[in-house]
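These protein sequence lines are chains L and A, in that order. All you need for my numbering is the position in the first sequence, starting with 1, plus 103. All you need for my numbering is the position in the second sequence, starting with 1, plus 139.
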Amino acid sequence: MDNPDRRRISRPMGLDTDILIAGGGLNGTTLALALASGGFDVTLVDPAPAAARADDAFDGRGYALSILSQRVLAGLGLWEGLKDRAGPILDIKVTDGRAGEGPSPFVLHFDHAEIEEGPMGYMVEDRHLRPAIIDALSDAGVRQLDGRRIVAQEPSESGIAATLDDGARLAAGVLVGCDGRMSGTAARAGIRHMRWDYGQTALVCAVAHERSHKGTAHQFFMPAGPLAILPLAGDRSSIVWTETTDRASEIQALDDAGYLDELRPRFGDFLGEISLAGRRFTYPLGLSFAHHFVAPRVALLGDAAHAVHPIAGQGLNAGLKDVAALAEVLTEARRRGEDVGRLDVLERYERWRRFDAATLALATDTFNRLFSNDNPVLRMVRDLGLGATNALPRLRRSFIREAAGLTGDLPRLAQGRPL
Amino acid sequence: MESATTIDPSEIAKFEAMAAEWWDPNGKFKPLHMLNPCRLDYITRQIAVEFDRDLSASRPFEGLRILDIGCGGGLLSEPMARLGADVVGADAAERNIPVARVHAEAQGLKIDYRHTTAEALAAAGERFDAVLNMEVVEHVADPLAYLTACHDLLKPGGLMTCSTINRNPKSFAMAIVGAEHIMRWLPKGTHEWSKFITPDELYSLLSQAGLDPVDRKGFVFNPVSWRWSLSDKDLSVNYVTTSLRPA
Numbered sequence: 104m105d106n107p108d109r110r111r112i113s114r115p116m117g118l119d120t121d122i123l124i125a126g127g128g129l130n131g132t133t134l135a136l137a138l139a140s141g142g143f144d145v146t147l148v149d150p151a152p153a154a155a156r157a158d159d160a161f162d163g164r165g166y167a168l169s170i171l172s173q174r175v176l177a178g179l180g181l182w183e184g185l186k187d188r189a190g191p192i193l194d195i196k197v198t199d200g201r202a203g204e205g206p207s208p209f210v211l212h213f214d215h216a217e218i219e220e221g222p223m224g225y226m227v228e229d230r231h232l233r234p235a236i237i238d239a240l241s242d243a244g245v246r247q248l249d250g251r252r253i254v255a256q257e258p259s260e261s262g263i264a265a266t267l268d269d270g271a272r273l274a275a276g277v278l279v280g281c282d283g284r285m286s287g288t289a290a291r292a293g294i295r296h297m298r299w300d301y302g303q304t305a306l307v308c309a310v311a312h313e314r315s316h317k318g319t320a321h322q323f324f325m326p327a328g329p330l331a332i333l334p335l336a337g338d339r340s341s342i343v344w345t346e347t348t349d350r351a352s353e354i355q356a357l358d359d360a361g362y363l364d365e366l367r368p369r370f371g372d373f374l375g376e377i378s379l380a381g382r383r384f385t386y387p388l389g390l391s392f393a394h395h396f397v398a399p400r401v402a403l404l405g406d407a408a409h410a411v412h413p414i415a416g417q418g419l420n421a422g423l424k425d426v427a428a429l430a431e432v433l434t435e436a437r438r439r440g441e442d443v444g445r446l447d448v449l450e451r452y453e454r455w456r457r458f459d460a461a462t463l464a465l466a467t468d469t470f471n472r473l474f475s476n477d478n479p480v481l482r483m484v485r486d487l488g489l490g491a492t493n494a495l496p497r498l499r500r501s502f503i504r505e506a507a508g509l510t511g512d513l514p515r516l517a518q519g520r521p522l
Numbered sequence: 140m141e142s143a144t145t146i147d148p149s150e151i152a153k154f155e156a157m158a159a160e161w162w163d164p165n166g167k168f169k170p171l172h173m174l175n176p177c178r179l180d181y182i183t184r185q186i187a188v189e190f191d192r193d194l195s196a197s198r199p200f201e202g203l204r205i206l207d208i209g210c211g212g213g214l215l216s217e218p219m220a221r222l223g224a225d226v227v228g229a230d231a232a233e234r235n236i237p238v239a240r241v242h243a244e245a246q247g248l249k250i251d252y253r254h255t256t257a258e259a260l261a262a263a264g265e266r267f268d269a270v271l272n273m274e275v276v277e278h279v280a281d282p283l284a285y286l287t288a289c290h291d292l293l294k295p296g297g298l299m300t301c302s303t304i305n306r307n308p309k310s311f312a313m314a315i316v317g318a319e320h321i322m323r324w325l326p327k328g329t330h331e332w333s334k335f336i337t338p339d340e341l342y343s344l345l346s347q348a349g350l351d352p353v354d355r356k357g358f359v360f361n362p363v364s365w366r367w368s369l370s371d372k373d374l375s376v377n378y379v380t381t382s383l384r385p386a
């Protein structure tokens, strides 16, 4: 398990690992890699076996990675293996539509040719991204404790003692909770969340279609919620389709033919005939935001800190920004010889990320409230707004850069630089 | 010199409480904790450059003997020890020594804390690769005699970082009226403005002590980001210098 060639820092007596990560999802595993590259000894605990998490069967889920996220993955040496299977997003078209009516004449069009960084992002399938990260963990010397969960944690002046469900105890310098919106790490640290339920559920699936999507992502704003069509590699697209929760349960209960009958009028026929490719998922939508991102010896990251309405596909992208920021704060602290788990060190991460995450949560919330309805006045405002934004090249460029993740105070990994 | 094991057990709880005070990021020493990352950035980079060490490596300061003068609770000694250096922490205030020891022990760090002065260490023939002389010189009675002792403590080719506060109306406003009276960051009477030294005066004193001043930077507080950073140009209040003992 221990790789003797790995660089080690001097760990205070009695610590088993520098950083203990709860949760082996995309954020937790990426953070483990980033911290290992920064010279830390890292231990990752996840309730699911790694083999199950690394399963690469196609299940229809995909991520719209911002350029920033793509750079983080590149900085960690993961992009080489992914780039041939990633679909560039060259165009984003946003339209206000109503099922059966087709899109309104006002179309907001973002073209990657307007920014110098190339594509606005990349579509990557979950089945390619997850195994690529998990495979890299053992080479990086990350210790993985699978099929186990943390049941207790106790911070002290020199570290944090975690107890696992099999009774094992581990002392770490810092515990990072990457354990999702119902984070046990946060609950045990006494960190509460503000939560809003939207009464909406996202239906997620992949479709194959006759014609090429030419790298264009579409966002249709429907009365019940947005429909996103995101270009996967080949003639397939990932669909994120939001409905009221009641309506979503009805649709999810239909057989595939009935499901497609519901989707077709919303999707339109611009890509020819469509068929389902992979499984169908549902995700209830809600917004949650932790009152604090850090506590003594504890940091929260990704959905554990801030889960946003996935209206703009920014959840994973925001999580990877957290990863880059926390890895940089901790690595810099280590190079100064600081005790990396001290609250004043962890607060640097919180100060860096909290404002940005709150802005995103607020923006997606407002966006959703503005667009998820059939109020004729708001519909007109939306149409005029989309049209006006389209007419203003500078404003449009700033939206493109925001969507690509190229704004704000960027961590080094997110600039494509090493830690 | 007393060792950690000779501390009266009944005293340990008291020292632990004082250590907790020294190390509380929001407590009495908050301004030092806020300044510390910036001081450490400067110190670690100067040492790394001079002794050709890679800060991304494990224990980059292994093999270096470092003296922290006026070590207090060990805010600089502990990071140096964590980076692998062999550290002596000296403080003229006797009560700081067991406090610093208790904290270092809890962190699993081996640091040689001593109740002594720079002059006494120099007279005893102690020699170091690097001397950290941070926020001390403005408190001593005879800066030239003190800096001469610091010179003697360095091995030939050794490096000293020395920080202090500039003397001008702005530093009076910031360090005394601002930090002591308005912000209550520091106890009143911590500083005596007339003892503050301008960067040119410090360079001249360092040269008279036989040292080669090679670098100076300002520590600048940004009230918007609420963070200290290093500045090449603004040495108007807090500043730091590096000097070398000629080989």
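Using N, Cα and C, we set each Cβ at its ideal position, and we do this for glycine too. All values derive from a computational prediction rather than experimental measurement.
task: Would you mind working out which of F154/A, Q185/A, W161/A, E155/A sits nearest L298/A, comparing C-alpha positions?
output: Reading the second sequence from its first residue, position 159 is the one you call residue 298/A. It is Q185/A whose Cα lies nearest to the Cα of L298/A.
- prompt: Could you check where the beta strand (DSSP E) with I275/L kicks off and where it finishes?
  reply: Here residue 275/L refers to the residue found at position 172 of the first sequence. The displayed chain sequence assigns Ala, not Ile, to residue 275/L. That run of the beta strand (DSSP E) goes 272 to 280.
task: Along the beta strand (DSSP E) that carries V188/A, what are the first and last residues, could you check?
output: Here residue 188/A refers to the residue found at position 49 when the second sequence is read from its first residue. No beta strand (DSSP E) holds V188/A; the alpha helix (DSSP H) holding it covers 169 to 189.
query: Which chain L residues sit within Cβ distance under 7 Å of D180/A?
result: As a first step, residue 180/A must be located in the second sequence, where it is residue number 41. Near D180/A (Cβ distances below 7 Å), the residues of chain L are R439.
query: Helix, strand or coil: how does DSSP classify M297/L here?
result: Position 194 of the first sequence holds residue 297/L. DSSP places M297/L in strand when its eight states are reduced to three.
- prompt: In chain A, what lies closer than 7 Å to E260/L by C-beta?
  reply: Here residue 260/L corresponds to residue number 157 of the first sequence, with the count starting at 1. Ordered by position in chain A, the residues that pass the 7 Å Cβ test against E260/L are A245.
Chain-order list of residues whose beta-carbon lies under 7 Å from that of M173/A (same chain, five-residue window excluded): Counting from one through the second sequence, the residue named residue 173/A turns up at place 34. The answer, listed in chain order, is W367.
message: Check whether chain C comes within 7 Å of T183/A, counting only Cβ atoms and requiring the distance to be less than that.
response: Going by chain labels, chain C is absent from the structure shown, which instead holds the protein chains L and A.
task: Specify whether the segment 374 to 384 of chain L and the segment 251 to 261 of chain L touch according to this definition: at least 3 beta carbon pairs, one from each stretch, less than 8 Å apart.
output: no
Cβ of L446/L within 7 Å of any chain A Cβ: As a working note, residue 446/L is residue 343 in the first sequence. So yes, L446/L belongs to the interface.
- prompt: At a Cβ cut of 9 Å, what residues of the segment 117 to 147 of chain L count as close to chain A, listed as they run along the chain?
  reply: G117, L118, G141, G142
- request: Would you list, in chain order, the members of the segment 148 to 175 of chain A that have their beta-carbon closer than 7 Å to a beta-carbon of chain L?
  value: P164, H172
query: Mind checking if L286/A is an interface residue toward chain L, Cβ cutoff 7 Å exclusive?
result: Here residue 286/A is taken as the residue at index 147 of the second sequence, counted from 1. Judged by the 7 Å Cβ criterion, L286/A is not in contact with chain L.
query: What residue from L423/L, A393/L, D282/L has the CA that sits closest to S169/L's CA?
result: Numbered from 1 along the first sequence, position 66 holds the residue referred to as residue 169/L. Closest in C-alpha terms to S169/L, from the list L423/L, A393/L, D282/L, comes L423/L.
- prompt: What do you get for E274/A, buried or exposed, if any count of 16 or more other CB atoms within 10 angstroms of its CB means buried?
  reply: As a position in the second sequence, residue 274/A is number 135, starting the count at 1. Answer is buried; the Cβ neighbour count reaches 16.
- prompt: Span of the alpha helix (DSSP H) holding W365/A?
  reply: Taking the first residue of the second sequence as 1, we reach residue 365/A at position 226. Segment: none, W365/A is in no alpha helix (DSSP H) and carries neither H nor E.
field: Whole-angstrom distance between L374/A and F311/A, CA atom to CA atom
entry: Taking the second sequence and counting its residues from 1, one reaches residue 311/A at position 172. Taking the second sequence and counting its residues from 1, one reaches residue 374/A at position 235. Distance between the alpha carbons of F311/A and L374/A is about 14 Å.
message: Is it buried or exposed, W365/A, if we count other Cβ atoms within 10 angstroms and call 16 or more buried?
response: By 1-based counting over the second sequence, the position of residue 365/A is 226. With fewer than 16 Cβ atoms within 10 Å of its Cβ, W365/A is classed as exposed.
Neighbouring residues, chain L, relative to S195/A (Cβ below 7 Å): For the purposes of this step, residue 195/A is identified with residue 56 of the second sequence, where counting begins at 1. In chain order: G142, R438.
Length of the line joining the Cα atoms of G244/L and R350/L: Locating residue 244/L in the first sequence gives position 141, counting from the first residue. Locating residue 350/L in the first sequence gives position 247, counting from the first residue. G244/L and R350/L have their C-alpha atoms some 47 Å from each other.
- prompt: Can you find at least 3 beta carbon pairs, one from the segment 256 to 268 of chain A and one from the segment 281 to 301 of chain A, that sit closer than 8 Å?
  reply: yes
message: Taking the beta carbon of G440/L as the centre, do at least 16 other beta carbons fall within 10 Å, making it buried, or is it exposed?
response: Taking the first sequence and counting its residues from 1, one reaches residue 440/L at position 337. It counts as buried.
Residues within the segment 346 to 369 of chain A neighbouring chain L, beta-carbon criterion of under 7 Å: none
field: chain L contact for R192/A (CB, 7 Å cutoff)
entry: For this step, residue 192/A is matched to residue 53 along the second sequence. So, not an interface residue.
- prompt: Expressed to the nearest angstrom, what Euclidean distance is found between the alpha-carbon atoms of Y181/A and T146/L?
  reply: The residue labelled residue 181/A in the question sits at position 42 within the second sequence. The residue labelled residue 146/L in the question sits at position 43 within the first sequence. Their backbone Cα atoms lie some 31 Å apart in a straight line.
query: Which residues, in order along the segment 205 to 225 of chain A, keep a beta-carbon less than 8 Å from a beta-carbon of chain L?
result: Under the 8 Å Cβ criterion, the segment 205 to 225 of chain A contributes E217, P218, M219, A220, R221, L222, G223.
For K356/A: DSSP bridge partner residues: On the second sequence, position 217 is the one that residue 356/A refers to. In DSSP, K356/A forms a bridge with V379/A.
- request: Just the C-alpha distance for T337/A and L179/L, rounded to the nearest angstrom, thanks.
  value: If you number the second sequence from 1, residue 337/A lands on position 198. If you number the first sequence from 1, residue 179/L lands on position 76. Approximately 46 Å, taken between the alpha carbons.
task: With 7 Å as the limit, tell me which residues of the segment 326 to 351 of chain L have their beta carbon closer than that to any beta carbon of chain A; keep them in chain order.
output: none
message: Just to make sure I have the definition right: I need the residues of chain A whose C-beta is within less than 9 Å of the C-beta of D238/L. Which are they?
response: Within the first sequence, the letter at position 135 stands for residue 238/L. Near D238/L there are no residues of chain A at all, since even the closest Cβ is about 25 Å away, more than 9 Å.
message: For G270/L and A125/L, which I take to be in contact (beta-carbon distance under 8 Å), what is that distance rounded to the nearest angstrom?
response: Residue 270/L sits at position 167 when you count from the first residue of the first sequence. Residue 125/L sits at position 22 when you count from the first residue of the first sequence. About 17 Å; that fails the 8 Å criterion.
message: Does F154/A pass the burial test, meaning 16 or more other C-beta atoms within 10 Å, or should it be called exposed?
response: Sequence index remark: in the second sequence, residue 154/A carries index 15 (1-based). Buried, because 16 or more other Cβ atoms sit within 10 Å of the Cβ of F154/A.
message: Tell me the rounded alpha-carbon separation between D149/L and L267/L.
response: Locating residue 149/L in the first sequence gives position 46, counting from the first residue. Locating residue 267/L in the first sequence gives position 164, counting from the first residue. The straight-line gap from Cα to Cα measures roughly 10 Å.
query: Exposed or buried, F458/L, counting other C-beta atoms within 10 Å across all chains shown (16 or more means buried)?
result: On the first sequence, residue 458/L is found 355 positions in, with the first residue counted as 1. F458/L should be labelled exposed.
query: By DSSP, does V443/L sit in helix, in strand, or in coil?
result: Here residue 443/L refers to the residue found at position 340 when the first sequence is read from its first residue. Here DSSP, grouped into helix, strand and coil, assigns V443/L to coil.
query: Does the distance from the CB of Y342/A to the CB of G357/A come in under 7 Å?
result: Here residue 342/A refers to the residue found at position 203 when the second sequence is read from its first residue. Here residue 357/A refers to the residue found at position 218 when the second sequence is read from its first residue. Taking 7 Å as the Cβ cut-off, Y342/A and G357/A do not qualify as a contacting pair.
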